[in-house]
Amino acid sequence: LNYRTTRYETSAARLDQCPADTGREVAFAGRSNAGKSSALNTLTGSSSLARTSKTPGRTQLINFFPIDEEHRLVDLPGYGYAKVPVAMKQDWQKHLGEYLEKRQSLVGVVLLMDIRHPMKEFDQIMLDWARDSQMPIHILLTKADKLKFGAAKSTLIKIRNDLKEWGDQLSIQLFSSLKRTGVEELSARLDSWLLA
Ligand code: GTP
Ligand code: MG
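Going by the UniProt record's numbering, the first residue of the sequence shown is number 8, and it counts up by one from there.
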C-alpha cells in the first residue's frame with residue numbers, strides 16, 4: 008500500500024461514532040508519549056497528519072486515517088499520562104476495550120513502547136488481551152536512536168526471546184521516527200495484515 012496517500016478522516020469518542028466497520032484497519036496503541044503520532048507521521052511521510060496533543064491524556068479520542076477506500080490506520084489515545092485522574096483512565100479503558108473487542112475491521116495492533124521503558128503494565132494488559140482474542144501484534148521499540156545500536160539490538164533480542172512462545176502471532180522490531188529507521192519493516196507488516 009502507498010501510505011503516503013493516508014489522510015485524516017474523523018475522531019470518535021465512542022464506538023458508535025467510528026466510521027463504518029468495513030474493510031480492514033490496523034490500530035496503533037501504546038502508553039502516552041511512546042511515539043504513536045510520530046510513527047504515523049513518519050510512515051505516511053507527513054509531518055502533521057497525527058497531531059501531538061498539547062494536553063496529553065485529556066482527549067480521549069480514537070483517530071481514523073484512511074489510506075484508501077478499503078484500508079485505514081487508527082491512532083488510539085495514549086495511556087498512562089500521570090496527571091489523568093483515575094476515573095478518566097477507567098473511562099478510557101472502557102472505550103478502548105469496547106473498540107478492541109467489537110471492531111470487526113481491526114486486523115492487527117501495532118504496540119509501541121519506548122525502548123528505554125519497555126513492557127510496562129499497560130503493554131502487558133494489551134498483550135494479555137491480544138492473546139485472549141487472538142489478535143496479531145507487531146511491537147515497535149520506539150526512539151531506538153536514544154540508545155547505542157548495540158544496546159538497542161540487545162533489548163530487541165531479549166524481548167523477542169521473552170515473547171518467543173507467541174510464534175507467528177507476534178513480531179517485534181526497532182523503530183526511530185527521528186532517524187527514520189524501521190519504516191520499511193513496519194510497512195511490510197502492515198501490508199501483510201491489510202492486504203491479506
Ligand atoms: P500521546 O499522543 O500523548 O499518546 O503520545 P504519542 O505516543 O503520540 O507520542 P508522540 O509521537 O507525540 O511523541 C512523544 C515525544 O517523543 C515527542 O516529543 C516526540 O518528538 C518524541 N519522539 C517520538 N518519536 C521519537 C523518536 O523516534 N526519537 C526521538 N528521539 N524522539 C521521539
Ligand atoms: Mg499521539
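Backbone N, C-alpha and C fix where the C-beta goes; we use that ideal spot for every residue, glycine too.
Can you pull the DSSP bridge partners for residue i?
i: Ser80; result: Residue 80 is actually Leu in this sequence, not Ser. Paired residue(s): Val33, Phe72.
i: Tyr86; result: Arg38
i: His145; result: Val117, Ser178
i: Thr188; result: Ser183
Helix, strand or coil: how does DSSP classify residue i here?
i: Ala103; result: Here residue 103 is Leu; the residue named in the question, Ala, does not match the sequence. Leu103: helix per DSSP, three-state reduction.
i: Thr13; result: coil
i: Ile132; result: helix
i: Ser18; result: strand
i: Ser183; result: strand
i: Leu47; result: helix
i: Lys165; result: helix
i: Arg196; result: helix
i: Asp28; result: coil
Do you know offhand how far residue i's Cα is from residue j's?
i: Ala41; j: Leu83; result: 12 Å
i: Leu147; j: Gly157; result: 17 Å
i: Thr13; j: Ile74; result: 4 Å
i: Phe129; j: Ser178; result: 18 Å
i: Glu105; j: Asn168; result: 31 Å
i: Arg110; j: Phe182; result: 27 Å
i: Met142; j: Asp175; result: 11 Å
i: Ala20; j: Ile166; result: 33 Å
i: Leu163; j: Ser194; result: 19 Å
i: Arg58; j: Glu172; result: 36 Å
Please indicate yes or no: does the CB of residue i lie closer than 7 Å to some heavy atom of the ligand SAH?
i: Ala34; result: Although the ligand SAH was asked about, the structure shown includes only the ligand GTP and the ligand MG as ligands.
Report back the beta-carbon spacing between residue i and residue j to the nearest angstrom; my notes put them in contact at under 8 Å.
i: Leu107; j: Trp136; result: 6 Å
i: Gly37; j: Leu118; result: 6 Å
Within the 8 Å Cβ cut-off, does residue i reach chain C?
i: Leu181; result: No chain C is present in this structure, which holds just one protein chain.
Decide if residue i is buried, meaning its Cβ has at least 16 other Cβ atoms within 10 Å, or exposed.
i: Ile122; result: buried
i: Ser55; result: exposed
i: Ser44; result: buried
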